[in-house]
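**Q**
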Amino acid sequence: MVLRRLALSAGARPNRLGRGWISGAAGVVLAGGIAAGALLGTGPAPTAYAATDAAPVEPATGGGPLSFRRLSESQYKRSIEDIFGATIKVPGRFDPPVREGGLLAIGESKVAVSASGFEQYELRAREISAQVLAEDRRKTSLSCAPRAPTSFDKPCATTFLGHYGRLLFRRPLSAQEMATAIGLAGEATVKSQNFYKGLEIGLARLLASPNFIFRVERSERDPAGGQRLDAYSLATRISFLLWNAAPDAELLDAAASGALRQPGGVERQVDRLIASPRFTQGVRAFFADMFAYDQFDGLSKDQAIYPKFTSQMAKDAQEQALRTTVEHLVTNKGDYRELFTTRNTFINRNLGSLYKVPVDEAAGLDGWVPYTFGPQDGRSGILTLAGFLMLDPTHEGRSSPTIRGKAVRELLLCQPVPLPPPNVDFSAVQNTADQVHKTARDRLMVHQQNPVCAGCHAITDPIGLAMENFDAVGDFRTHENGALIDASGTFEGKAYKDVISLQTLLRDSASTSNCAVQRAYEYGVGRPLTNGEQPWLEFAAMGFAEDRYQFPALMRRIATSKAFQAVGADRIASRE
Amino acid sequence: MHVSTVPASQRRLGVRAISRLGVAALAFGLFSFGGASAYIGASFAQLPGIVGGAQGADYKNWLKIEGHYWKSDDVGGIFNRRRGGGLRNPVFYSYPSAPRKGADQLVIAVDKRSPMLSRLMAMCAKKAILPEMTFAESAARARAPAEIGPKPDEVPAFFEYKLKEIEFSSCPAVEGAPDQAFVLSFKDIQWLSAQGEVEGKEVDGRAVTLIPASLPQLRTTGVTKTFVVSWWANANDVSDDQCPKLNQKPPEEAYYAWMSPDAAAKEREALKAKGGVSYENGTMARRGPERLNVCLLPGIARDTGHFAPQTKAARGIDLDGDDGTGAPPKGVCRHKNYVADDGRTGIDHQMYTVLGCMPGYQGHKGFLMQYRNEQRRNGALSVLVQISGIDNEKNDDSINVTILYSKDPMAKKADGSRILPDYTFRLSEEARHTHYVTRVQGRIVDGAIVTEPAKHFQMVLGIDPELNLYEARMHLRIMPDGTLKGVVAGYEDWRKLMIINANSNSENLYGFQCPGLYQAFKRAADGLKDPVTGECNGISSAYDIEGVPAFIPPSQQRTLIAQAERAR
Numbered sequence: 131m132v133l134r135r136l137a138l139s140a141g142a143r144p145n146r147l148g149r150g151w152i153s154g155a156a157g158v159v160l161a162g163g164i165a166a167g168a169l170l171g172t173g174p175a176p177t178a179y180a181a182t183d184a185a186p187v188e189p190a191t192g193g194g195p196l197s198f199r200r201l202s203e204s205q206y207k208r209s210i211e212d213i214f215g216a217t218i219k220v221p222g223r224f225d226p227p228v229r230e231g232g233l234l235a236i237g238e239s240k241v242a243v244s245a246s247g248f249e250q251y252e253l254r255a256r257e258i259s260a261q262v263l264a265e266d267r268r269k270t271s272l273s274c275a276p277r278a279p280t281s282f283d284k285p286c287a288t289t290f291l292g293h294y295g296r297l298l299f300r301r302p303l304s305a306q307e308m309a310t311a312i313g314l315a316g317e318a319t320v321k322s323q324n325f326y327k328g329l330e331i332g333l334a335r336l337l338a339s340p341n342f343i344f345r346v347e348r349s350e351r352d353p354a355g356g357q358r359l360d361a362y363s364l365a366t367r368i369s370f371l372l373w374n375a376a377p378d379a380e381l382l383d384a385a386a387s388g389a390l391r392q393p394g395g396v397e398r399q400v401d402r403l404i405a406s407p408r409f410t411q412g413v414r415a416f417f418a419d420m421f422a423y424d425q426f427d428g429l430s431k432d433q434a435i436y437p438k439f440t441s442q443m444a445k446d447a448q449e450q451a452l453r454t455t456v457e458h459l460v461t462n463k464g465d466y467r468e469l470f471t472t473r474n475t476f477i478n479r480n481l482g483s484l485y486k487v488p489v490d491e492a493a494g495l496d497g498w499v500p501y502t503f504g505p506q507d508g509r510s511g512i513l514t515l516a517g518f519l520m521l522d523p524t525h526e527g528r529s530s531p532t533i534r535g536k537a538v539r540e541l542l543l544c545q546p547v548p549l550p551p552p553n554v555d556f557s558a559v560q561n562t563a564d565q566v567h568k569t570a571r572d573r574l575m576v577h578q579q580n581p582v583c584a585g586c587h588a589i590t591d592p593i594g595l596a597m598e599n600f601d602a603v604g605d606f607r608t609h610e611n612g613a614l615i616d617a618s619g620t621f622e623g624k625a626y627k628d629v630i631s632l633q634t635l636l637r638d639s640a641s642t643s644n645c646a647v648q649r650a651y652e653y654g655v656g657r658p659l660t661n662g663e664q665p666w667l668e669f670a671a672m673g674f675a676e677d678r679y680q681f682p683a684l685m686r687r688i689a690t691s692k693a694f695q696a697v698g699a700d701r702i703a704s705r706e
Numbered sequence: 011m012h013v014s015t016v017p018a019s020q021r022r023l024g025v026r027a028i029s030r031l032g033v034a035a036l037a038f039g040l041f042s043f044g045g046a047s048a049y050i051g052a053s054f055a056q057l058p059g060i061v062g063g064a065q066g067a068d069y070k071n072w073l074k075i076e077g078h079y080w081k082s083d084d085v086g087g088i089f090n091r092r093r094g095g096g097l098r099n100p101v102f103y104s105y106p107s108a109p110r111k112g113a114d115q116l117v118i119a120v121d122k123r124s125p126m127l128s129r130l131m132a133m134c135a136k137k138a139i140l141p142e143m144t145f146a147e148s149a150a151r152a153r154a155p156a157e158i159g160p161k162p163d164e165v166p167a168f169f170e171y172k173l174k175e176i177e178f179s180s181c182p183a184v185e186g187a188p189d190q191a192f193v194l195s196f197k198d199i200q201w202l203s204a205q206g207e208v209e210g211k212e213v214d215g216r217a218v219t220l221i222p223a224s225l226p227q228l229r230t231t232g233v234t235k236t237f238v239v240s241w242w243a244n245a246n247d248v249s250d251d252q253c254p255k256l257n258q259k260p261p262e263e264a265y266y267a268w269m270s271p272d273a274a275a276k277e278r279e280a281l282k283a284k285g286g287v288s289y290e291n292g293t294m295a296r297r298g299p300e301r302l303n304v305c306l307l308p309g310i311a312r313d314t315g316h317f318a319p320q321t322k323a324a325r326g327i328d329l330d331g332d333d334g335t336g337a338p339p340k341g342v343c344r345h346k347n348y349v350a351d352d353g354r355t356g357i358d359h360q361m362y363t364v365l366g367c368m369p370g371y372q373g374h375k376g377f378l379m380q381y382r383n384e385q386r387r388n389g390a391l392s393v394l395v396q397i398s399g400i401d402n403e404k405n406d407d408s409i410n411v412t413i414l415y416s417k418d419p420m421a422k423k424a425d426g427s428r429i430l431p432d433y434t435f436r437l438s439e440e441a442r443h444t445h446y447v448t449r450v451q452g453r454i455v456d457g458a459i460v461t462e463p464a465k466h467f468q469m470v471l472g473i474d475p476e477l478n479l480y481e482a483r484m485h486l487r488i489m490p491d492g493t494l495k496g497v498v499a500g501y502e503d504w505r506k507l508m509i510i511n512a513n514s515n516s517e518n519l520y521g522f523q524c525p526g527l528y529q530a531f532k533r534a535a536d537g538l539k540d541p542v543t544g545e546c547n548g549i550s551s552a553y554d555i556e557g558v559p560a561f562i563p564p565s566q567q568r569t570l571i572a573q574a575e576r577a578r
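Below is the structure:
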């Protein structure tokens with residue numbers, strides 16, 4: 131109760147599923163519902179329904195606003211590759227992503243395109259078009275040939291622009307859009323006396339359009355009442371959720387023909403996408419967002435202190451974490467919670483040196499091999515992987531229990547931590563050579579003597595201090611400045627002695643699994659949850675438990691849900 | 011005795027010098043690519059009426075020759091190799107560079123103490139012509155120095171030739187030189203037996219078959235620790251003031267020493283356009299009388315002197331069980347004994363005596379050592395040291411030390427200053443590496459890993475020449491920071507080292523003069539004593555070895571154990 135008061139006074143918002151914050155009791159009316167703990171909405175994980183219970187009915191939600199999401203750099207590039215082929219180069223810089231509400235996927239809904247950013251899109255559009263219509267590619271790019279290469283062939287142009295327009299906009303072009311593109315292509319043909327140049331201009335227009343650069347969602351009337359995403363918008367949402375890519379031709383056809391609206395139509399497409407190898411890339415993209423791996427870009431550590439750290443090591447650490455996650459959740463259909471306890475991972479030569487373990491010869495110089503940490507290695511769970519431990523862009527020369535604890539709270543438990551107040555004196559914490567306060571724990575105790583600081587640090591530091599046996603790049607240590615490191619603490623009222631036992635508690639905490647549900651849903655819809663979606667979230671969390679916390683099943687549940695396509699009564703975009 | 015001195019400001023020739031001198035020049039110098047490679051060591055001639063008095067087992071009573079070269083082989087150019095695989099294909103046993111047929115000249119050096127000297131001089135004075143003579147040279151001495159691997163059975167220990175119509179063309183005398191040169195011009199040569207041909211076709215040599223080493227028993231209990239060698243070099247840097255004077259290359263003036271003033275002036279003019287006398291292409295080496303090559307035959311010139319380090323201390327091992335104060339033990343020639351920095355006495359490291367004041371060879375400071383190590387660090391070869399059977403890190407009466415090889419590169423710190431630990435190295439399965447895997451027995455005494463003498467210890471180290479140490483031992487320590495440090499020592503064939511360096515390019519790069527170095531080696535040789543002649547053919551040598559912790563893949567470790575089990 132003390133911590134709850136402290137957390138609330140510090141401005142922390144409760145976990146969406148943290149009704150225990152408010153009630154302190156199991157107030158959930160769903161059968162076998164979530165038992166809410168006294169602290170931070172935690173407690174035992176939700177239990178599955180008993181066999182005798184009636185299957186729960188998906189609660190209605192009020193839906194949410196349509197989103198208008200900018201394609202990320204990887205989504206843009208993948209779209210170009212999927213539509214035009216892998217040999218097309220995508221030049222230019224992309225505006226940096228923005229993280230909002232814990233996800234880049236939400237941030238993409240909030241960003242605008244700067245003037246210089248738009249210039250880059252224009253540049254890319256022209257250069258991509260030029261490559262597509264280059265002489266050596268025309269045979270594959272065009273399914274028709276003009277009557278004469280120097281004059282405008284409208285039927286051929288219509289076929290070309292219609293085909294690619296549908297793929298780029300992820301829906302058929304409207305009559306107006308087609309007319310505009312055709313008009314531009316025709317004018318350009320006349321001016322240049324070259325039909326292909328004309329097509330280039332028309333294609334560039336499509337590539338520079340907000341309808342390509344952004345995922346523009348549209349709604350239609352839902353026969354069951356209210357509004358829902360139109361079929362193309364739904365196809366796009368499903369595809370980006372499961373593949374992190376634009377819908378393929380089959381999914382677009384299902385939207386066009388109405389098959390998506392038939393009973394079982396969505397399920398069929400969702401099952402197809404989940405069964406595809408491309409589902410792996412979707413899962414990677416989701417967890418890269420949820421675990422904030424964008425912070426690996428430009429990650430830097432002091433090589434005088436950490437000579438093994440290189441940008442390649444950072445990339446390898448990220449790759450290890452993603453491979454571990456995908457292998458466990460997708461290939462092995464494992465329990466999401468066991469990401470925090472599994473000893474199974476992958477390793478390459480670089481990481482072998484960081485973890486000080488031998489690497490199987492099959493890895494060679496650049497490859498990866500499965501690896502299982504032994505009981506004596508002192509590692510299990512993703513919090514002991516370098517991909518988590520080194521991911522602190524704010525400290526190049528030391529580990530930060532506060533940042534690590536904050537990352538666990540915000541990224542894995544969906545529990546935001548307030549920003550520090552301005553003008554805080556960090557000098558005591560930063561003095562890693564302090565021979566009186568030798569360990570980070572000692573230094574943070576000094577810092578927490580300031581009551582302004584104590585509240586938030588109480589939320590973050592105990593968790594972060596559990597990881598102090600790993601330095602800023604993830605190398606194991608037992609001492610700091612000659613003093614034995616104490617990694618013990620309590621989490622949700624239960625004691626742990628180190629990060630391994632902490633992760634056992636994380637595994638068993640409802641906040642952990644609930645946060646995965648919340649994030650996956652928000653990632654899919656591109657916005658934070660609305661209040662009206664809370665019951666649905668609890669329903670989904672129950673389902674996650676019922677599905678033994680298998681992540682593909684969670685994604686399926688989200689993608690096939692009514693909530694996923696429901697549109698709120700406010701902020702509806704018109705169809706035309 | 012003329013010895014050149016060096017200002018203190020020019021004591022050290024660093025790694026940057028390598029780029030100035032050119033990697034090609036360095037490679038040229040590494041394996042005496044400057045024309046012929048030297049033949050330093052005994053060859054034998056049977057001349058009619060001459061009872062040479064050679065005492066050894068080989069060619070008893072033939073005329074013993076201290077060194078020789080074929081005139082046609084002494085040509086310039088860095089990569090002008092007439093034979094052999096060299097660095098490009100070291101797994102080869104090249105034949106000597108004797109001409110296959112036709113006229114040529116054989117230049118020989120005979121010890122002035124030879125009882126046949128006056129007869130030979132008389133023959134030279136008369137320009138005597140012999141109808142024929144038989145000449146024999148050692149295949150091992152004539153082999154290209156970069157090559158590795160044992161002699162194939164079909165290669166004879168000595169190549170023999172019948173020279174026809176030999177004239178004693180000249181015999182320039184050099185007062186004070188220990189050997190006398192004779193230039194023998196012959197009209198034709200016949201290779202005896204068919205060693206020079208295979209199925210009627212002339213061959214340069216024979217392919218070598220390298221078989222994986224057969225290893226003794228491996229200790230499989232206790233702890234095993236593996237290290238990758240981050241530094242390997244002659245243990246020749248003891249202190250900054252070890253050399254009040256450094257050895258230097260011969261001055262350019264030495265090239266003109268045997269010319270008349272007019273001839274010298276003409277020659278100077280002719281060489282002006284080429285930048286003066288070239289060390290790189292071997293021209294400088296031909297500074298003997300009549301343009302004879304004093305690097306190929308260093309005994310025919312006066313001893314130019316050679317500075318030795320002036321320290322009592324040196325790193326190394328007591329190889330002969332003697333501290334040098336009394337009579338030398340059997341099989342050993344009298345020599346200076348050093349004291350190690352940990353107080354051990356009787357340290358045998360005569361290689362330090364010879365190379366310690368040659369800038370290129372001065373251990374961590376020597377740029378040849380730096381170059382070789384940098385090549386390894388850049389992926390030429392990773393050498394691994396595995397210590398097995400450690401039950402007690404302070405004292406243990408039985409451990410193994412195994413030398414292994416990997417083609418996987420070492421990882422360096424971003425600034426290149428050190429090798430990073432804890433990387434995994436896959437063991438190479440190439441014959442050129444598996445042949446040289448070696449294991450020795452040892453023990454741990456007060457934390458020091460000491461190994462039993464190994465009669466013949468071989469290693470490859472990348473671009474370095476094949477290492478052959480006799481009566482070799484190791485003295486290693488695992489330091490508090492987990493790294494490995496120590497020395498590997500034994501006797502080396504000093505003539506092989508002379509062969510590698512016997513060219514003017516090496517004189518220039520590493521700082522010495524061939525005649526001085528040759529005599530220094532002869533004086534310093536202290537081991538592998540010939541029981542018949544009493545001559546010491548070996549020189550005690552110590553190498554620094556440093557290593558950082560490393561791994562080999564678990565499956566390959568299991569294979570090593572299984573192989574050792576099968577060998578029991």
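Going line by line, the protein sequences match chains W and G. Residue 347 in our numbering sits at position 217 of the first sequence, and the numbers go up by one each step. Residue 121 in our numbering sits at position 111 of the second sequence, and the numbers go up by one each step. Every residue, glycine too, gets a C-beta built ideally from N, C-alpha and C. Small disclaimer: the values here were computed from a predicted structure and weren't measured.
(1) Does lysine 423 (chain G) come within less than 9 Å of chain W when only Cβ atoms are used?
(2) Looking at the secondary structure, which residues open and close the alpha helix (DSSP H) in which glycine 557 (chain G) lies?
(3) What residues in its chain sit with their C-beta under 6 Å from that of serine 618 (chain W), if we drop five residues either side in the sequence?
(4) As an exercise, report each continuous beta strand (DSSP E) stretch of at least 3 residues that is fully enclosed by the region 442-511 of chain G, in chain order.
(5) Can you find a CB in chain W that lies within less than 9 Å of the CB of tyrosine 415 (chain G)?
(6) What does the alpha-carbon distance come out to for the pair proline 559 (chain G) and isoleucine 327 (chain G)?
(7) What is the DSSP secondary structure of threonine 562 (chain W), reduced to helix, strand or coil?
(8) So, helix, strand or coil for isoleucine 139 (chain G), using DSSP?
(9) So what does DSSP say about threonine 321 (chain G), is it helix, strand or coil?
(10) Mind listing the chain W neighbours of arginine 386 (chain G)? Cutoff is C-beta to C-beta under 7 Å, in chain order.
(11) Just list the beta strand (DSSP E) runs in the region 479-547 of chain W, keeping only unbroken ones of 3 residues or longer that don't cross its boundaries, in chain order.
(12) Quick one: is leucine 430 (chain G) near chain W, going by C-beta distance under 9 Å?
(13) Using a threshold of 9 Å, state whether the C-beta atoms of proline 377 (chain W) and tyrosine 362 (chain W) are closer than that.
(14) Do isoleucine 555 (chain G) and glutamine 396 (chain G) have their C-beta atoms closer together than 9 Å?
(15) Where does valine 576 (chain W) fall in DSSP's three states?
(16) When you compare the CB of glutamine 523 (chain G) with every CB in chain W, is at least one pair closer than 9 Å?
(17) Return no unless some Cβ of chain G is closer than 9 Å to the Cβ of glycine 604 (chain W).
(18) Given a limit of 9 Å on CB to CB distance, which residues of the region 474-505 of chain W reach chain G?
(19) Alpha carbon to alpha carbon, how far is aspartate 198 (chain G) from lysine 174 (chain G)? Give it in angstroms, no decimals.
(20) Within this structure, are the beta carbons of alanine 516 (chain W) and valine 603 (chain W) separated by less than 9 Å?
**A** Straight from the coordinates:
(1) yes
(2) Looking at the DSSP string, glycine 557 (chain G) is not in any alpha helix (DSSP H); the run it does join, the beta strand (DSSP E), is 546-561.
(3) Lys627
(4) 448-455, 458-461, 464-469, 477-488 and 494-503
(5) no
(6) 24 Å
(7) coil
(8) strand
(9) coil
(10) The premise fails here: arginine 386 (chain G) is roughly 16 Å from chain W at the closest Cβ pair, so nothing lies under 7 Å.
(11) 499-502
(12) yes
(13) yes
(14) no
(15) helix
(16) no
(17) no
(18) Arg479, Asn480, Gly482, Ser483, Leu484, Tyr485, Lys486, Val487, Pro488, Val489, Asp490, Glu491, Ala492, Ala493, Gly494 and Leu495
(19) 5 Å
(20) yes
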